[in-house]
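Counting with the working numbering, you get residues 71 to 139 for the letters of the sequence shown.
By construction, the Cβ of each residue, glycine as well, lies at the ideal position given by its N, Cα and C atoms.
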Amino acid sequence: MQTVTFNISGMSCAGCARSISNVLNALNGVQTADVSLDQHRAVVEYDAAKVGPDVLKGAIEEAGYEVAG
Ligand SMILES: [Cu+2]
C-alpha cells in the first residue's frame, strides 16, 4: 500500500468532505480515504498496482475541488 496526501481547496462543509471521501472510496484500488475539512486535506491509502496519484487527483478535481500539490 502507498499513501498520498492532497491539499484541497474549495471544501466548505462536512458535506464537501463526505463527497470527496465517497468519490475516492469509489475508485478501484483505494483502500482508505481520510478527508479532513479542518485541515483541507485528504490522506489516501491505495494499491499502486491499481491506481495512482494522478487518477486520485483527477477524481477530486472532477468532483469540483482544487488540489494544490
Ligand atoms: Cu460543502
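- Ordered along the chain, residues surrounding ligand 1 are Ser82, Cys83, Gly85 and Cys86 [Cβ under 5 Å from any heavy atom].
- Leu94 is positioned such that its CB atom lies no closer than 8 Å to that of Val74.
- Assignment of beta-bridge partners to Ile78 by DSSP yields Val137.
- Here DSSP, grouped into helix, strand and coil, assigns Val121 to coil.
- Here the alpha carbons of Asn77 and Ala118 stand approximately 20 Å from one another.
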